[in-house]
Amino acid sequence: MVGKYLISLIIISAIIVSSVAMVPVLAGGHSKSLIILKKLPVKVPEEYPEGSFFVDKFWKHYDVVGLKDITAKAFLDKGNEKGLILKLSKPYEGEIFYGLIPPNAEVDIPLYRRASKIVNGTALIEIYRFARTSWQGYPAMDLYGWSGMKTYKGTIYYKMVLHIDGKEYIYKGRVSFKRLEDGTFIKIITITEGPIVANITSDDPTAVVIAWETDRPSKGRVVIEGVGSFTDGVISERHEVLIRGLRPNTTYKYYVVAEDPETGETIKSRTYWFKTAPPKGARFKFRWAITNDGRAGEGGGEYDVCGVNAVTNLKIFTHALANNVSFIVYPGDLVMGYTKSVEDYVMQLKSWKHIVEPVNHYIPVYVGMGNHEFLVNAWDDGSFFGILLDKWPYDVESSEAIFAKEFVNPTNGPASEDGEYYDPDPTTINFPPYKETVYAFQYGNILIVVVNTDYWGAIETQVSKYGGNIMGYIMDKQLKWLKEILDKAEEDPTIDWVFVAGHTPAFPAGGHVVDSMWYKGNNTFRPYVYSFEKDTLTPLSKGIIERRNEFWEILSNHSKVLAYFSGHEHNYYRILITDKVPVGVPEVDDVDGDGVLEKYSPNPKFKYPVWQINVGTAGAGYYSRRVDEYVPWRDYVEYFTVIPGYALIEVNGKHVVLKYYSVNGELLDVVDLTSVRGITPPKPKPKVITVTETVTRTETLTQTVTTTSIVTTTKELRITETKTVTKEKTLTTTSTVTYTTTHTSVFTTTTTEKVKITAWDITAVVGVLAFVIGALIAYFIARKPAAKAETK
Ligand SMILES: [Fe+2]
1 MVGKYLISLI
11 IISAIIVSSV
21 AMVPVLAGGH
31 SKSLIILKKL
41 PVKVPEEYPE
51 GSFFVDKFWK
61 HYDVVGLKDI
71 TAKAFLDKGN
81 EKGLILKLSK
91 PYEGEIFYGL
101 IPPNAEVDIP
111 LYRRASKIVN
121 GTALIEIYRF
131 ARTSWQGYPA
141 MDLYGWSGMK
151 TYKGTIYYKM
161 VLHIDGKEYI
171 YKGRVSFKRL
181 EDGTFIKIIT
191 ITEGPIVANI
201 TSDDPTAVVI
211 AWETDRPSKG
221 RVVIEGVGSF
231 TDGVISERHE
241 VLIRGLRPNT
251 TYKYYVVAED
261 PETGETIKSR
271 TYWFKTAPPK
281 GARFKFRWAI
291 TNDGRAGEGG
301 GEYDVCGVNA
311 VTNLKIFTHA
321 LANNVSFIVY
331 PGDLVMGYTK
341 SVEDYVMQLK
351 SWKHIVEPVN
361 HYIPVYVGMG
371 NHEFLVNAWD
381 DGSFFGILLD
391 KWPYDVESSE
401 AIFAKEFVNP
411 TNGPASEDGE
421 YYDPDPTTIN
431 FPPYKETVYA
441 FQYGNILIVV
451 VNTDYWGAIE
461 TQVSKYGGNI
471 MGYIMDKQLK
481 WLKEILDKAE
491 EDPTIDWVFV
501 AGHTPAFPAG
511 GHVVDSMWYK
521 GNNTFRPYVY
531 SFEKDTLTPL
541 SKGIIERRNE
551 FWEILSNHSK
561 VLAYFSGHEH
571 NYYRILITDK
581 VPVGVPEVDD
591 VDGDGVLEKY
601 SPNPKFKYPV
611 WQINVGTAGA
621 GYYSRRVDEY
631 VPWRDYVEYF
641 TVIPGYALIE
651 VNGKHVVLKY
661 YSVNGELLDV
671 VDLTSVRGIT
681 PPKPKPKVIT
691 VTETVTRTET
701 LTQTVTTTSI
711 VTTTKELRIT
721 ETKTVTKEKT
731 LTTTSTVTYT
741 TTHTSVFTTT
751 TTEKVKITAW
761 DITAVVGVLA
771 FVIGALIAYF
781 IARKPAAKAE
791 TK
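Using the numbering used here, you'd call the opening residue of the sequence shown number 1 and step up by one each time.
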């Protein structure tokens, strides 16, 4: 921290000393002027006015209202006896829909129940309707038992739809309120964002970060049920509380209490849960999910909520949560971006957070940067895009710095490209920070590495003139860091597999064949570094395809790297990259030496087979498949769909299976990722279910007593058999059932009462028997000839 401030101080001093004055460059015909400081990190196109057709006129921007308009700050402190009053910073027209979250809902998706018109930037949210007794004496909307209570407080969720210059703008938020004794409503401190859980990793399986924001500086604490209360001790709008000392692999319930330090008023969030990570190396069965590119899509309405496709993202996130994933990785293109306005960029990032928050309350979401996370300084050279360069000062206003401020990610990545051999000035910040956009974390037995393939953005055709990086190019320091992380993982017995995630594919198969890490086989594309002192622009020694190959050689020479997940192309496909796949090797394929490949060889340095799995499927407009000569690996693409969705990865020890689910929950693709590494599916431990059934059957055996016996015995013998049968079943997953039967027979002899045998009885019995025997003999004698006669 101190070091960072010291560096800033040195830079500021350097700027003051080295700058004779700030040089205002007045754009010819443009009213805005741009203050240019000396010692700039890129060569500023002074000859052009500030602006860009693409950024200023073509692209939609979301900061038509201010940042404060999208949160509870947009409401007046004092409402009236019906509710709260919305007061936007500009006199726009539209509607506001509002409602509550049912108390028993697990995901915080509000049920809008009422609407009001926004007229001249003002609207009344009629909260009283949610408590009044209205229908035949019953409270029609009262979910919280407010009706009949004189005072109550709560939180209401809203969606604003503004109609401005023929375009629709949607913003979502929430505001907390209180009903006073006199019946009027007032706005109270509101938790405008979160609480969300972050950094639940096996790097410290006892830890969690809980983050939230309020509409005004507040005190706050996290209450973990059964554990205690934790605070960051600061008065701030943003809170990030790191809690340690929990039990690994354990589910906890938590909520947050925000306190207004001025009034003492508090508001409590709903209660959520999170589960701490398993210890390092634990070979538990778990799942995680990955998707990219959920920026606004076509379809209007909720397909574009302040730059984000709310429909697709929310479906994917809630489906993944229901599918019991432990975390979600989302490396890029969260928002439309491409904006000059910090406020616009922040609003869009906040919109994305708001949309995924119902799930982020419970599980962490690890985000990375894509080309659309692009906050720029722009100059109008008459071209469609204009000259777009990552905004500076880099430490506070770059796309990367603001991204890091808005999210909570691990912080173990490299610092920046400063200090690399091409750093033109070790005393100044020449590159944006990597903090929280490049990082790694372990979960159980796997390591996830998030890289930034869209660092220090600029337009690829312009970097040679102004400096900057091109899309898809991983610069040297980041690449070295990646190699170090993978070297360590290779030696770490607690890690079985490594998954690398970045925004751009190394081997595109659709619309982004023109860039990604490929540029249709044109290796001349590369970053340029500007030296202010020398006023020179220096290209990096390696072109994009050489760099892609180095990147993939690093991945494929580490036996534990199983897959590289990408997005950027708005489709899902998978391809197994081996040393047999034609990928293009500049050293042998650029026959005429112009930097553009004429043929496409396989790369023998790709040692282990590594999957590239593209999941740019969270809702941006789709890209269909290309199968032309610019996709040399086209025959190796194993599955391709443009149906939005996400990849679910099931880790079961060393065995890993990937499932691609569509946004509607259909299972579209299943692949055993580890079979190519000789891992067979683990034999499931036989589930021994012992079912013991006892069947008791009582059988009465009846014995016919013969005359003789009657003569010789005075007892009637009755034998009763009782059988007890015990069956034991052993069930295995192959449904083999084994029964073990024990058979016990119990004979009981029952003595009946003595039968008196009298002389008459004997005579009678002997008489009857003699008669019966005589009768039978007579019958058979009489029957014999007749039988003979019949046979003739
Ligand atoms: Fe992209």
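We put the beta carbon where it would ideally sit given N, CA and C, even for glycine.
In the DSSP assignment, aspartate 669 falls within the unbroken beta strand (DSSP E) covering 667–672. Each of Pro205, Asn323, Pro539 was checked against the Cα of aspartate 423, and the nearest Cα belongs to Pro539.
Around the beta carbon of leucine 84, 16 or more other beta carbons lie within 10 angstroms, which makes this residue buried.
Note that the region 450–470 touches the region 415–432; at least 3 beta-carbon pairs, one per stretch, sit closer than 8 Å. In chain order, Tyr338 place their CB closer than 6 Å to the CB of tryptophan 59, counting only its own chain and leaving out the 5 sequence neighbours on each side. Remark: C-beta atoms of alanine 289 and alanine 320 approach each other more closely than 8 Å. With respect to glycine 619, asparagine 309 sits close: the two C-beta atoms are nearer than 8 Å. If you draw a 10 Å sphere on the C-beta of tyrosine 138, you find fewer than 16 other C-beta atoms in it, and that means exposed. Taken in chain order, the complete alpha helix (DSSP H) segments of 4 residues or longer contained in the region 557–627 are 586–589. Burial state of glutamate 298 is exposed, judged by a 10 Å Cβ sphere holding fewer than 16 other Cβ atoms. The way I'd put it, the region 300–319 does touch the region 658–672; three or more beta-carbon pairs between them come closer than 8 Å.
Residues of the same chain with a CB within less than 6 Å of the CB of isoleucine 781, apart from the 5 flanking positions on each side, do not exist. Three or more beta-carbon pairs drawn from the region 36–54 and the region 367–387 are found closer than 8 Å, and the two stretches are therefore classed as touching. A residue is called buried once 16 or more other Cβ atoms fall within 10 Å of its Cβ, and serine 229, having fewer, is exposed.
The beta-bridge partner set that DSSP reports for aspartate 390 consists of Val376. Relative to ligand 1, glycine 457 has its C-beta separated by 7 Å or more from all heavy atoms.
Looking at Phe499, Gly510, Asn445, the one whose alpha-carbon comes closest to that of aspartate 492 is Asn445. Asparagine 412 and alanine 211 have their alpha carbons spaced roughly 19 Å apart.
Of Val651, Phe185, Lys172, Lys605, the smallest CA-CA separation from threonine 151 is found for Phe185.
Annotation for glycine 332 indicates a beta carbon within 7 Å of some heavy atom of ligand 1. Within the model, the alpha-carbon separation for leucine 597 versus serine 399 is close to 33 Å. Comparing alpha carbon positions, the residue from Lys580, Val583, Glu168, Tyr600 closest to aspartate 589 is Tyr600. For the pair tyrosine 158 and phenylalanine 97, the CB atoms are nearer than the 8 Å cut-off. Annotation: the continuous beta strand (DSSP E) that includes isoleucine 267 extends over 266–268. The continuous beta strand (DSSP E) containing glutamine 442 extends over residues 439–443. Shown here for glutamate 397: same chain residues with a beta carbon closer than 8 Å to its own, the five before and five after excluded, namely Val342, Leu375, Lys391 in chain order. In the DSSP assignment, serine 176 forms a beta bridge with Thr155, Ile188. With contacts defined by Cβ atoms closer than 8 Å, lysine 90 and valine 65 form a contacting pair. With 16 or more other Cβ atoms inside 10 Å of its own Cβ, phenylalanine 499 counts as buried.
Taking glutamate 460 as the centre and dropping the five residues before and after it, the same chain places the C-beta of Ile470, Phe525 closer than 6 Å to its C-beta, in chain order. Burial state of arginine 221 is buried, judged by a 10 Å Cβ sphere holding 16 or more other Cβ atoms. Annotation: glutamate 237 is outside any alpha helix (DSSP H); the continuous beta strand (DSSP E) that includes it extends over 236–243. Annotated three-state conformation of tryptophan 212 is strand, per DSSP. Minimum Cα-Cα distance from valine 676 among the listed residues Ile575, Tyr639, Pro586, Asp592 corresponds to Ile575. Minimum Cα-Cα distance from glycine 148 among the listed residues Met160, Gln136, Arg132 corresponds to Arg132. DSSP places alanine 501 outside any alpha helix (DSSP H); the residue lies instead in the beta strand (DSSP E), whose first and last residues are 497–501.
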